[in-house]
Amino acid sequence: MGQPTLSAHADVPLYSATISPKMAASGRVHLLLLLMSVPFCLCTVQGLKAPSGNGNGLGNPPANPPVPVNIIGAPGPVNNVPVAPAVAAMTQPRRATGWKLAEEQSCRDDLTRLCPKHTWSNNLAVLECLQDRKEDTEIAVDCNHLLWNYKLNLTMDPKFESVAMEICKSTITEIKECSEEERGKGYLVSCLVDHRGNITEYQCHQYITKMTSIVFSDYRLICGFMDKCREDINTLRCGSINVGEKDIHSQGEVIACLEKALVREAEQQDQAHPIREECKKSIMRVAELSSDDFHLDRFLYFSCREDRERFCENTQAGEGKVYKCLFSHKFEEAMSEKCREALTTRQKLITQDYKVSYSLTKACKADLRKHRCNLDTNMPRAREARLSYLLLCLESAVHRGRTVSEDCQGEMLEYRRMLIEDFSLSPEIVLHCRGEIETHCSGLHRKGRTLHCLMRVGRGDKGSTVDGLCQSALQTLIQSADPGSDYRIDRALNEACESVIQTACKHIRSGDPMILSCLMEHLYTEKMVEDCESRLLELQYFISRDWKLDPILYKKCQGDAARLCHTHGWNETSELMPPGAVFSCLYRHAYRTEEQGRRLSRDCKVEVQRILHQRALDVKLDPDLQKRCLTDLGKWCSDKTGTGQELECLQDHLEDLLSGCGEVVGNLTELQSEDIHIEALLIRACQPVIQSHCHDVSDNQVDTGDVMECLVQNKHQKEMNSKCTVGVTHFQLIQMKDFRFSYKFKMACKEDVLKLCPNIKKKVDVVICLSTTVRNDTLQDVKEQRVSLKCRKQLRVEELEMSEDIRLEPELYDVCKTDIGRLCSNVVFGNAQMMECLKERKKQLSQQCHQRVFKLQEGEMLDPELDYQLMRVCKQMIKRFCTDVDAKNMLQCLKQNKNSELMDPKCKQMITKRQITQNTDYRLNPILRKACKADIPKFCQPILNKASDDSELEGQVIGCLKLKYADQRLSPDCEDQIRDWILQSLLRSVNIDWTPPEVRSVNIDPQLQIHCAEEVRSVNIDWTPATDPLC
1 MGQPTLSAHA DVPLYSATIS PKMAASGRVH LLLLLMSVPF CLCTVQGLKA PSGNGNGLGN
61 PPANPPVPVN IIGAPGPVNN VPVAPAVAAM TQPRRATGWK LAEEQSCRDD LTRLCPKHTW
121 SNNLAVLECL QDRKEDTEIA VDCNHLLWNY KLNLTMDPKF ESVAMEICKS TITEIKECSE
181 EERGKGYLVS CLVDHRGNIT EYQCHQYITK MTSIVFSDYR LICGFMDKCR EDINTLRCGS
241 INVGEKDIHS QGEVIACLEK ALVREAEQQD QAHPIREECK KSIMRVAELS SDDFHLDRFL
301 YFSCREDRER FCENTQAGEG KVYKCLFSHK FEEAMSEKCR EALTTRQKLI TQDYKVSYSL
361 TKACKADLRK HRCNLDTNMP RAREARLSYL LLCLESAVHR GRTVSEDCQG EMLEYRRMLI
421 EDFSLSPEIV LHCRGEIETH CSGLHRKGRT LHCLMRVGRG DKGSTVDGLC QSALQTLIQS
481 ADPGSDYRID RALNEACESV IQTACKHIRS GDPMILSCLM EHLYTEKMVE DCESRLLELQ
541 YFISRDWKLD PILYKKCQGD AARLCHTHGW NETSELMPPG AVFSCLYRHA YRTEEQGRRL
601 SRDCKVEVQR ILHQRALDVK LDPDLQKRCL TDLGKWCSDK TGTGQELECL QDHLEDLLSG
661 CGEVVGNLTE LQSEDIHIEA LLIRACQPVI QSHCHDVSDN QVDTGDVMEC LVQNKHQKEM
721 NSKCTVGVTH FQLIQMKDFR FSYKFKMACK EDVLKLCPNI KKKVDVVICL STTVRNDTLQ
781 DVKEQRVSLK CRKQLRVEEL EMSEDIRLEP ELYDVCKTDI GRLCSNVVFG NAQMMECLKE
841 RKKQLSQQCH QRVFKLQEGE MLDPELDYQL MRVCKQMIKR FCTDVDAKNM LQCLKQNKNS
901 ELMDPKCKQM ITKRQITQNT DYRLNPILRK ACKADIPKFC QPILNKASDD SELEGQVIGC
961 LKLKYADQRL SPDCEDQIRD WILQSLLRSV NIDWTPPEVR SVNIDPQLQI HCAEEVRSVN
1021 IDWTPATDPL C
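Numbering-wise, full-length UniProt numbering puts 310 at position 310 of the sequence shown, and it's gapless, one number per residue.
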């Protein structure tokens, strides 16, 4: 046998049919060294022509470059193809040469053991069978050498180009780039591989697919790849590219090493060995071209072979289906760590270039073009290719009501879920949140738990805050994943809230954006579970910082936001617009009146109110409030960790807050006064009362303070529970701090306040100012009251509310606190009981408290309707005897009917108490005061000269008038009043007044009480209705 002849041209068969296997084997190493110097010709990076430099790796070129060798029989003419498919027949060696891989001694054992017999006659089928084996454990070294040489020559053989020209004729015509390629240099097949996704001809697609699988088995077969990445491979120590050192048929590890370095580079700030740009492009292009068939990603294929059998046995390869299947099982316990790592690297590549995902690229190609998502010429290509950019652009189209195909939306959903599940796929999170992850979230990396942990830290729930860059990275990730539009994207939330959704939100279809809203409405209710509550608040914290992330709000308000708040598109952000700014703008316009100018559309206002109701449950869901009040929350409210307690605490300390915090708390409280539903916890607690007594006002779509007013009026109904009572009273107390906090009062009296009480802020001071004005105008009988009618009506409501609880009159409460603790410690607030206690012990009060109580009684006698206890105890008697009587004459009417047989004893007792009070000072008897206004200064001036404005005269003026009555010197009106007073005293003295002794002990002329105290006490010891002599 002679030596094989070497042809000067690669298209001439080099092995004759007579060459022996032994000779082939003996010359194999030498041939291998010759082959390694041949330039690689199948370029997979589009546009690349012949690579520069030598092809023997990093070593110097051989002194005498060998002639390329061909160990494959040239394919026969296409018209001789006997069977379909054409590709299988086409790859049969010519009968003239008859060289078969199966006949080579070095591969015969492996072939017999690993490959089905029907494949032995087809070299390409044998190659496919053997190259999917682990070369270091399953195939002999000599066989590996032979296979690699075979593939190398195969990629260089121009005959394959001629076959491609025949089989792919119409495809080449359709693909302009390929039809223009120079023939005879291997570029045509390279171009077809590049456009594999666009090939529709079955036989052509099959042929190019097989060629691709051969090329991708070794990075050295990819023309131009080694040329562009040689330096990076060495710098990053990704493996040798020297001839002979690792000349096995699969070197997927080298590409995998480069891919890992590429994704690691994005996750690190200090890049010691940055990958050169041209190598980056080659790495990404290789990843793109291997996106449809997981066999082409050699490292992933070998890492996940067993996992593929375990999880995706019935999943057909092609169109990226195996990748998708493996991705969906990535966090399964049975998934091997090596496969999970390879899958994560692949996913990271997809986040850098969406084209690395075949299914996403195919499904969204038309939509990307339709919505001009890849036509932004001002944007760097690297950014435009990012998965996040694709998602934001297409999500923006969806949120604007544009059409995006169902297939594309389905793919987007998968990748949005993927981003939430694994934080490591977002390089910005890895880069900027590294410290937080290590400190707070180590070991929680699966199923979105690390991301939720970071959210929890971001909320401040772990006692610390996150870095600004980390916070920004989290916000960007949440926007890209957009879990607000479909809660199922967030697996941690979905699993934690499944039971709540099934019970509280089962009426809403799965995946509907309203599910999140439903969950928020059930926050802190008996249907909510703790784990769901935590996950929900963690997510809502970030959604609340970008109004666009609530899809319903965005849908209803995007027009209003653009018109009133100058917002950008859904996928555009402005660094100048702080978190929550747009929503703050919307709610400011939501509560404007028509006179105040531009307002929100009705639909938008409904959504703004919904958000306000939900966010009031937690101050951290109000970005503006949390930012401005961070210092005050720490200073005043660090121990207030219960539901809703932080806002209540800030309201309690309103006067102490820093100006910025005070402003935002004031604005929110003002909104609450108009729409009490913002106080969701209060509304829940008061539901029984609302249903029984306030349903007519609560059912109104627009609440203008009516619900709270109704709750105050029904504070003591049997349906009222302690939580509701406390909540209503607290809100009343807060309202005292600023008259703007009482919506109805503010709207009715704002012009009057500006005119008559300027620069007064506190509600109690405004009420006193206005009521004093009304009282003075009433006493002076002015023709036209200075306070408007609508304000006077609402003023009456406010005065009545304040009379129910001493705490609603802060100045009175403050000066009487000590006396309350000393004399009324066992009396509860509310129902005016504390005030009644102080009245009954007036003589024991401190001077300041006594003066304030006197002033209060003076007002109540002038206007008995403000006497809460009298009106409450005598409510039924008023209906019976005084229905048509003016409110100011109510006590007089009751006194006239006091001794009626139909009079209720408790009311009678209360009337007597008030009569006794009136007897202590003429100023507490407005009818007598008015009747005797000329007589008092005329006959009793010396007494007035000694009197103070706010303490009793103990009946001295009335005693003075009685003396003048005897002299018949009083005016007729005054004489009538004194006569009536004397008559009432006589009636009581002859026991017509059946008042109990504890009341009768003070039911006498004050002067008699002072001078005859001992006698009164001795008489009352043996008191009976039959005997009660006066002193």
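Cβ coordinates follow ideal geometry from the N, Cα and C atoms, glycine included.
(request) Output the boundary residues of the alpha helix (DSSP H) element that contains residue 651. (result) 645-652
(message) Buried or exposed for residue 202, going by 16 or more other Cβ atoms inside 10 Å?
(response) A residue is called buried once 16 or more other Cβ atoms fall within 10 Å of its Cβ, and residue 202, having fewer, is exposed.
(request) Count the other C-beta atoms from every protein chain shown that fall within 10 angstroms of the C-beta of residue 972, then say buried if there are 16 or more, exposed otherwise. (result) exposed
(message) Please state the DSSP three-state secondary structure of residue 833.
(response) helix
(request) Give the DSSP-derived three-state secondary structure of residue 547 in the structure shown. (result) Correct three-state label for residue 547: helix.
(request) Select from 338, 390 and 370 the residue whose C-alpha is nearest the C-alpha of residue 360. (result) 390
(request) State yes or no: is the C-beta of residue 480 within less than 8 Å of the C-beta of residue 392? (result) yes
(request) Report all residues from its chain with a CB closer than 6 Å to the CB of residue 1017; omit the five preceding and five following residues, and keep chain order. (result) The predicted model places residue 1017 with a pLDDT of 49, which falls under 50 and marks its position as unreliable, so this point remains unresolved.
(message) Let me check understanding here. Comparing Cα to Cα, which of 552, 706 and 805 lies closest to residue 726?
(response) 805
(request) Would you give the residue range spanned by the alpha helix (DSSP H) that residue 398 belongs to? (result) 387-399
(message) If you measure between the beta carbons of residue 215 and residue 287, is that distance less than 8 Å?
(response) no
(request) Using 10 angstroms around the beta-carbon of residue 642, count the other beta-carbons present and answer buried if the total reaches 16, otherwise exposed. (result) exposed
(request) Locate the alpha helix (DSSP H) running through residue 1051, then write down its first and last residues. (result) Absent from the model: residue 1051. The displayed extent of the chain is 1 to 1031, so no value can be given.
(message) Can you give me the C-alpha to C-alpha distance between residue 104 and residue 118, rounded to a whole angstrom?
(response) 17 Å
(request) Determine the burial state of residue 401: buried for a count of at least 16 other Cβ atoms within 10 Å of its Cβ, exposed for fewer. (result) exposed
(request) Mind the definition here: the segment 581-594 touches the segment 628-635 only if three or more C-beta pairs lie below 8 Å; say whether that holds. (result) Verdict: no, contact absent.
(request) May I have the straight-line CA-CA distance separating residue 387 from residue 689, to the nearest angstrom? (result) 53 Å
(message) Quick check on this structure: which residue in 604, 611 and 829 has the alpha carbon closest to the alpha carbon of residue 520?
(response) 611
(message) Please report the distance separating the alpha-carbon of residue 931 from that of residue 974.
(response) 5 Å
(message) Just to check my reading of the structure: residue 556 and residue 486 have Cβ atoms closer than 8 Å, yes? What is that Cβ distance to the nearest angstrom?
(response) That belief does not hold up - the Cβ atoms of residue 556 and residue 486 are roughly 18 Å apart, past 8 Å.
(message) Please report the distance separating the alpha-carbon of residue 924 from that of residue 862.
(response) 7 Å
(message) Is it buried or exposed, residue 844, if we count other Cβ atoms within 10 angstroms and call 16 or more buried?
(response) exposed
(request) Kindly list the residues whose CB is nearer than 7 Å to the CB of residue 882, restricted to its own chain and excluding five residues on each side of it in sequence; keep chain order. (result) For residue 882, same chain residues with a beta-carbon under 7 Å away, outside a window of 5 residues either side, are 890, 893 and 894 in chain order.
(message) Suppose only complete runs of 4+ residues qualify. What are the alpha helix (DSSP H) ranges in the UniProt repeat "Cys-rich GLG1" (599-658), listed by chain order?
(response) 602-615, 623-628, 630-636 and 645-652
(request) Whole angstroms is fine: what's the gap from residue 721's alpha carbon to residue 684's? (result) Those two C-alpha atoms are separated by around 11 Å.
(message) Please report the straight-line C-alpha distance between residue 163 and residue 437, rounded to a whole angstrom.
(response) 56 Å
(message) So, at 6 Å on beta carbons, what are the nonlocal neighbours of residue 513 in its own chain, with the 5 sequence-adjacent residues on each side left out?
(response) 485, 551 and 552
(request) Can you tell me which of the three DSSP states residue 195 falls into? (result) coil
(message) On the criterion of 16 or more Cβ atoms from any shown chain inside 10 Å, does residue 144 qualify as buried, or is it exposed?
(response) buried
(message) Going by DSSP in three states, residue 313 sits in which element: helix, strand or coil?
(response) coil
(message) I want to know whether the segment 336-343 touches the segment 264-271 - three or more CB-CB distances under 8 Å.
(response) Taking 8 Å as the limit for Cβ pairs, the verdict is that the segment 264-271 does not touch the segment 336-343.
(request) Rounded to whole angstroms, what's the CA-CA distance from residue 745 to residue 670? Just pull it up for me. (result) 12 Å
(request) Only counting runs of 3 or more residues, tell me where the beta strand (DSSP E) segments fall wholly within the segment 442-482, in order along the chain. (result) none
(request) State the DSSP-derived secondary structure class of residue 148, mapped to helix, strand or coil. (result) helix
(message) I'd like the span of the alpha helix (DSSP H) that includes residue 277, first residue to last.
(response) 277-289
(request) Label residue 177 either buried or exposed according to how many other C-beta atoms from any shown protein chain fall within 10 Å of its C-beta, with 16 as the threshold for buried. (result) exposed
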